[in-house]
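Structure record follows, encoded as structure tokens.
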Amino acid sequence: MSLSPARPFRPSRSLCVALALMPVLGVGTLAACDATRASASVEQPVKVGLGSAGGQPTVQAGDRLRVSAAGGVLTEVTVTDPRGRQLVGGFSAGGTVWTSRAKAAPDTKYSVLARTKNQQGATDEAKESLTTGKVAKRNRLTIAPRPHGEVVGVHDPITLTFAFPVRDRAAVERRLTVTTDNRTTGAWTWKSVHGKDRIIWRPEQEWKPGTKVTLQAELNGVDSGGGRFFTKDYGLRFTVGRGTAVRADLDSDAYLTPGLGLTPALWQGPGG
Numbered sequence: 001m002s003l004s005p006a007r008p009f010r011p012s013r014s015l016c017v018a019l020a021l022m023p024v025l026g027v028g029t030l031a032a033c034d035a036t037r038a039s040a041s042v043e044q045p046v047k048v049g050l051g052s053a054g055g056q057p058t059v060q061a062g063d064r065l066r067v068s069a070a071g072g073v074l075t076e077v078t079v080t081d082p083r084g085r086q087l088v089g090g091f092s093a094g095g096t097v098w099t100s101r102a103k104a105a106p107d108t109k110y111s112v113l114a115r116t117k118n119q120q121g122a123t124d125e126a127k128e129s130l131t132t133g134k135v136a137k138r139n140r141l142t143i144a145p146r147p148h149g150e151v152v153g154v155h156d157p158i159t160l161t162f163a164f165p166v167r168d169r170a171a172v173e174r175r176l177t178v179t180t181d182n183r184t185t186g187a188w189t190w191k192s193v194h195g196k197d198r199i200i201w202r203p204e205q206e207w208k209p210g211t212k213v214t215l216q217a218e219l220n221g222v223d224s225g226g227g228r229f230f231t232k233d234y235g236l237r238f239t240v241g242r243g244t245a246v247r248a249d250l251d252s253d254a255y256l257t258p259g260l261g262l263t264p265a266l267w268q269g270p271g272g
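Below, the structure is given as structure tokens:
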């Protein structure tokens, strides 16, 4: 009859305490007690890993960033780009994985702060960083109105014209925001003019003179289709003139309304 191997002797805590009170101690028993205490006191740190949501160690433009924890859980993850903007995400797999909801921008260094809790309940934090890959194909756009002698009238729309076709129009439109100081409402429409895709925002009614308008086109990292990415954000600010149109003063970047004096209408170009 075969015998199963004997299990290693591991004294219980109560036994260790009892032995500690005895005047005569066995050396082997003392060593076993010390080893038990040492193993219980060692806290294994959580290992934090970075990569893409697809499981690759590198993150390319358009990938979602993934932060993982081994030996514990993530309690908080903050990912920021060089401009201090956060990449929003959420937890999964019981708190061991965090994945960004937005896609990573190309050629961008992200800073990662991950707070963790290990299996013994101890908390810690890890600071990491990674730089996303560059892109081979880019898309870009021009915005109207712009400060090159054009006029901004009460009937004029905001127009974005793209250098290359936009296949994923929904992805682009989601990143465009128009705000005004008087809650002017309007809508986007798409057109193709001479082979160029355009998206146009028109107010439901004509602009009211003096309306302050801001366009935010946060397109950095957006794939316009076919792997052609935008690599910057765009912005536009202007104030509608009191007349039917305003003219650009290129020296001051302020728009002039003929006969009515200065009407502030500052233009903020790409990336601003």
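Numbering follows UniProt numbering, with no gaps: position 94 of the sequence shown is 94. Don't be surprised by glycine CBs; every beta carbon is placed ideally from N, CA and C. Just so you know, these numbers come straight off a predicted model, no measurement behind them.
So, helix, strand or coil for valine 112, using DSSP?
-> By 1-based counting over the sequence shown, the position of residue 112 is 112. It is a strand residue.
Cβ-based neighbour list, alanine 187, same chain, cut-off 8 angstroms, excluding 5 preceding and 5 following = For this step, residue 187 is matched to residue 187 along the sequence shown. Closer than 8 angstroms at the Cβ level, and outside the excluded window around alanine 187, lie Trp201, Arg202 and Glu204.
How is arginine 198 classed by DSSP in three states: helix, strand or coil?
-> Taking the sequence shown and counting its residues from 1, one reaches residue 198 at position 198. Arginine 198: strand per DSSP, three-state reduction.
Using alpha carbons as the reference points, say which of Thr80, Ala163, Thr179 and Pro82 lies closest to arginine 140.
-> What you label residue 140 is simply residue 140 of the sequence shown in a count that begins at 1. Nearest option by C-alpha distance: Ala163.
Other residues of its chain near serine 92: CB distance less than 7 angstroms, five sequence neighbours each side excluded = As a position in the sequence shown, residue 92 is number 92, starting the count at 1. Closer than 7 angstroms at Cβ, skipping near neighbours: Thr99.
Note down, one range per segment and in chain order, each beta strand (DSSP E) of at least 3 residues found wholly within the stretch 41-67.
-> 47-52
Going by alpha carbons, who is nearest to glutamate 206 out of Val178, Gly153 and Phe229?
-> Numbered from its first residue, the sequence shown carries residue 206 at position 206. Ranking the options by Cα distance to glutamate 206, first place goes to Gly153.
For valine 135, which of helix, strand or coil comes out of DSSP?
-> Your numbering for residue 135 matches position 135 in the sequence shown. Valine 135: coil per DSSP, three-state reduction.
Range of the contiguous alpha helix (DSSP H) that encloses aspartate 169 | In the sequence shown, the residue the question calls residue 169 occupies position 169. Correcting the residue type first, residue 169 is arginine in the shown sequence and not aspartate. Counting along the chain, the alpha helix (DSSP H) containing arginine 169 begins and ends at 169-173.
For lysine 212, collect the residues of the same chain with a Cβ closer than 7 angstroms to its Cβ; drop the 5 residues on either side in sequence, then sort them by chain order.
-> In the sequence shown, counting from the first residue as 1, residue 212 sits at position 212. Taken in chain order, the residues that qualify are Thr180, Asp181 and Thr239.
Is it the case that the Cβ atoms of threonine 96 and valine 73 are separated by a distance below 8 angstroms?
-> Residue 96 sits at position 96 when you count from the first residue of the sequence shown. Residue 73 sits at position 73 when you count from the first residue of the sequence shown. Their beta carbons are under 8 angstroms apart, which means threonine 96 touches valine 73 by this criterion.
Cβ atoms of valine 222 and residue 273: under 8 angstroms apart, would you say?
-> A question about residue 273 goes unanswered here, because the residues of the chain that appear run from 1 up to 272.
According to the Cβ coordinates, are arginine 198 and lysine 208 closer than 8 angstroms?
-> For this step, residue 198 is matched to residue 198 along the sequence shown. For this step, residue 208 is matched to residue 208 along the sequence shown. No. Outside cutoff.
Name the residue from Pro45, Arg237, Gln44 and Gly49 whose alpha carbon lies nearest to the alpha carbon of alanine 144.
-> Taking the first residue of the sequence shown as position 1, residue 144 is located at position 144. Nearest option by C-alpha distance: Arg237.
Using alpha carbons as the reference points, say which of Arg146, Gly51 and Arg138 lies closest to leucine 215.
-> Sequence index remark: in the sequence shown, residue 215 carries index 215 (1-based). It is Arg146 whose Cα lies nearest to the Cα of leucine 215.
As assigned by DSSP and simplified to three states, the class of residue 280 = Residue coverage of the chain in this structure runs from 1 to 272, which leaves residue 280 outside it and unanswerable.
Between glycine 225 and proline 82, what straight-line distance do the alpha-carbon atoms span, to the nearest angstrom?
-> On the sequence shown, position 225 is the one that residue 225 refers to. On the sequence shown, position 82 is the one that residue 82 refers to. If you take the alpha carbons of glycine 225 and proline 82, they lie about 26 angstroms apart.
Of the listed residues Gly89, Arg228, Thr185 and Gly210, nearest to arginine 169 (C-alpha basis) = Stepping through the sequence shown from its first residue, residue 169 is reached at position 169. When each option's Cα is compared against that of arginine 169, the closest is Arg228.
In its own chain, which residues sit with a C-beta less than 6 angstroms from the C-beta of threonine 177, not counting the 5 before and 5 after it?
-> Taking the sequence shown and counting its residues from 1, one reaches residue 177 at position 177. Within the same chain, threonine 177 has close Cβ partners Gln216.
On a CA-only basis, which of Ala61, Val46, Gly94 and Leu113 is nearest threonine 131? Give me that one, please.
-> Taking the first residue of the sequence shown as 1, we reach residue 131 at position 131. Of the listed residues, the one whose Cα sits closest to threonine 131 is Ala61.
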